[in-house]
Amino acid sequence: MMNYLAALLLLVLSFSAGAVIETYEFSSSELEQRYHLLSQELRCPKCQNQNIADSNAPISQDLRKQLYQQLEAGASDAEILDYMVARYGEFVRYRPAMSGVTIVLWAAPLLLLALALALAFSVLRSRRSNDEQQTLSSDEQKQLDELLARERDA
């Protein structure tokens, strides 16, 4: 039992060994804060489920270096994000800018739900009208009863 606990402890401690360790010398603490915020907002193009701050992929290292260089060169956050989007597409942002495409993506589930409800309502309504149309008039019911009586007698 003790061996299992020791192995588990070593496994847990090894997770921190894979952490991203990079140090950049920023000219101001404001640039360092902006660096951390932007690196959390940019998605790794290779990993796709990690931001560049957490990813060990070589492309994330390049993006972090590019981010540092642009911050030190005096680029604004918007300029940096525009550059990254121009180079890697809107996917590189965890919070994509509001555009026609993103509005469609957000509205599509609601539109599909409304369409499904309208279709279900239409089907139920047509079934109800079909049921009403299948009721027999008194003359038709009388004829049906006569035919059934003849069948029983025969």
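Quick note on our numbering: the sequence shown kicks off at 45 and runs consecutively.
Positions of the beta carbon are idealized from the N, C-alpha and C atoms, including for glycine.
Select from the options the residue whose C-alpha is nearest the C-alpha of residue i.
{"i": "R87", "options": "D106, S71, L192", "result": "D106"}
{"i": "Y79", "options": "A152, L125, P140, Q94", "result": "L125"}
{"i": "G133", "options": "F70, L159, Q92", "result": "Q92"}
Check whether the Cβ of residue i lies closer than 7 angstroms to any Cβ atom in chain B.
{"i": "K186", "result": "No chain B appears in this structure, which consists of one protein chain only."}
Take the Cβ of residue i as the centre, count every other Cβ of all protein chains shown within 10 Å, and call the residue buried at 16 or more, exposed below.
{"i": "S83", "result": "buried"}
{"i": "S104", "result": "buried"}
{"i": "Y48", "result": "exposed"}
{"i": "R108", "result": "buried"}
{"i": "A61", "result": "With a pLDDT of 49 at A61, under the threshold of 50, the modelled position of that residue is not reliable, and the figure given next carries that caveat. Label assigned to A61: exposed."}
{"i": "L155", "result": "exposed"}
{"i": "Y112", "result": "buried"}
Tell me the DSSP bridge mates of residue i?
{"i": "R137", "result": "L86"}
The alpha helix (DSSP H) that contains residue i, what's its start and end?
{"i": "E69", "result": "E69 -> no alpha helix (DSSP H), and no H or E assigned at all."}
{"i": "I96", "result": "Element bounds for I96: n/a, residue is neither H nor E."}
{"i": "L180", "result": "Premise fails: L180 is in no alpha helix (DSSP H) and is neither H nor E."}
{"i": "M128", "result": "121-132"}
Using a threshold of 6 angstroms, is the CB atom of residue i nearer than that to any non-hydrogen atom of the ligand MN?
{"i": "Y138", "result": "Within the structure as shown, the ligand MN is missing, as the structure has no ligands at all."}
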